[in-house]
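Q:
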Amino acid sequence: MSESTISTEADYGPLTGLIGTWQGDKGLDIAPDPEGTENNPYYETIEYSACGNITNAETQVLAAIYYRQIVKQKSNDGVFHDQTGYWMWDVARQLMMHSLSIPRGVCVLAGGRYSGSKAPTGEVIIEVTAQADDVDWGIIQSPFMAGNARTTTFSQSIAVGNGKLSYTQTTMVDIYGNTFEHTDKNELVLSS
Ligand code: HEM
Numbered sequence: 316m317s318e319s320t321i322s323t324e325a326d327y328g329p330l331t332g333l334i335g336t337w338q339g340d341k342g343l344d345i346a347p348d349p350e351g352t353e354n355n356p357y358y359e360t361i362e363y364s365a366c367g368n369i370t371n372a373e374t375q376v377l378a379a380i381y382y383r384q385i386v387k388q389k390s391n392d393g394v395f396h397d398q399t400g401y402w403m404w405d406v407a408r409q410l411m412m413h414s415l416s417i418p419r420g421v422c423v424l425a426g427g428r429y430s431g432s433k434a435p436t437g438e439v440i441i442e443v444t445a446q447a448d449d450v451d452w453g454i455i456q457s458p459f460m461a462g463n464a465r466t467t468t469f470s471q472s473i474a475v476g477n478g479k480l481s482y483t484q485t486t487m488v489d490i491y492g493n494t495f496e497h498t499d500k501n502e503l504v505l506s507s
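Read left to right, the sequence shown gives residues 316 to 507 (the numbering used here).
1. From Gln456 to Ser472, what distance separates their C-alpha atoms?
2. Taking the straight line between their C-alpha atoms, what separation do you get for Asp489 and Ser430?
3. Report all residues from its chain with a CB closer than 6 Å to the CB of Gly332; omit the five preceding and five following residues, and keep chain order.
4. Taking only runs that begin and end inside the region 444-504, name each unbroken beta strand (DSSP E) of 3 or more residues, in chain order.
5. If you count every other CB in all the chains shown that lies within 10 Å of the CB of Ala407, and 16 or more means buried, which is it?
6. Examine the ligand HEM and report whether any of its heavy atoms sits within less than 7 Å of the Cβ of His497.
7. Would you mind reading off the limits of the beta strand (DSSP E) that contains Gln409?
8. Buried or exposed for Thr466, please, with buried defined as at least 16 other CB atoms from any protein chain shown within 10 angstroms of its CB.
9. In terms of residues, what are the limits of the beta strand (DSSP E) holding Thr352?
10. Checking 8 Å against the spacing of the C-beta atoms, do Tyr357 and Tyr382 come in under that value?
11. Alpha carbon to alpha carbon, how far is Ala372 from Arg428?
12. With a cut-off of 8 Å on the beta carbons, I'd call Ala445 and Ala425 a contact; round off their distance for me.
13. Is it right to say Pro458 is buried, meaning 16 or more other beta carbons lie within 10 angstroms of its own, or is it exposed?
14. Please work out which residues of its chain come closer than 8 Å, Cβ to Cβ, to Val504, disregarding the five sequence neighbours upstream and downstream, and give them in chain order.
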């Protein structure tokens, strides 16, 4: 039997630069609406905390970072998106994973091999994807969402470094009789 599954020391690899609290006010959300499309400028805070190493089946070691993301609409300062999850780095397999949950009854486990690519200005680029029905990187949703607002794919690219964090993400949703490309992007700076 192993002594412990979580240790405090960890090599967060490409995720190292995420740890801390970030704020950004250049957000743009494009979301489905019964009449067509909503364009919602937003601002947000994302807090990433180091969790340490997690060992699976005594062989896989994941360095994990927990986060909470709170997004507010510029038009009325109301919270209109609340998300939580983990980023996980498997150094042995050079694999990146992002698990996330949103309070609509939707959970995603997105993943991808880390390419090592960097922006021209030096930021680390991390990309993950998931698809409903994919056996490796999938999407779980409630019966209501599966029937009325089914998420079919999720893809995300983040760039982090030099005190800056930017992301773009696309969530494909089958809703109101159409397939909708729900997108979000923002640029944040490290506030603490
Ligand atoms: C910054 C991130 C995000 C923001 C600001 C955001 C915002 C929104 C907004 C404004 C709507 C329109 C419905 C409403 O007014 O409540 C919506 C719908 C939806 N979002 Fe997001 N979203 C984000 C990320 C995500 C993610 C990561 C997922 C899932 C992987 C997701 C899944 C959905 C689904 C399935 C709907 C359709 C439900 C409906 O319109 O009633 N969203 N989102």
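Backbone N, C-alpha and C define an ideal beta-carbon position, used for all residues, glycine too. Quantities reported herein were computed from a predicted structural model and do not represent experimental measurements.
A: Well, looking at it:
1. Those two C-alpha atoms are separated by around 22 Å.
2. 30 Å
3. Shown here for Gly332: same chain residues with a beta carbon closer than 6 Å to its own, the five before and five after excluded, namely Val475 and Gly476 in chain order.
4. Within the region 444-504, the complete beta strand (DSSP E) runs of at least 3 residues are 454-456, 464-476 and 479-490.
5. exposed
6. yes
7. Looking at the DSSP string, Gln409 is not in any beta strand (DSSP E), and its letter there is neither H nor E.
8. buried
9. Gly351 to Asn371
10. no
11. 21 Å
12. 4 Å
13. exposed
14. Trp337, Gln338, Gly339, Gly478, Lys479 and Leu480
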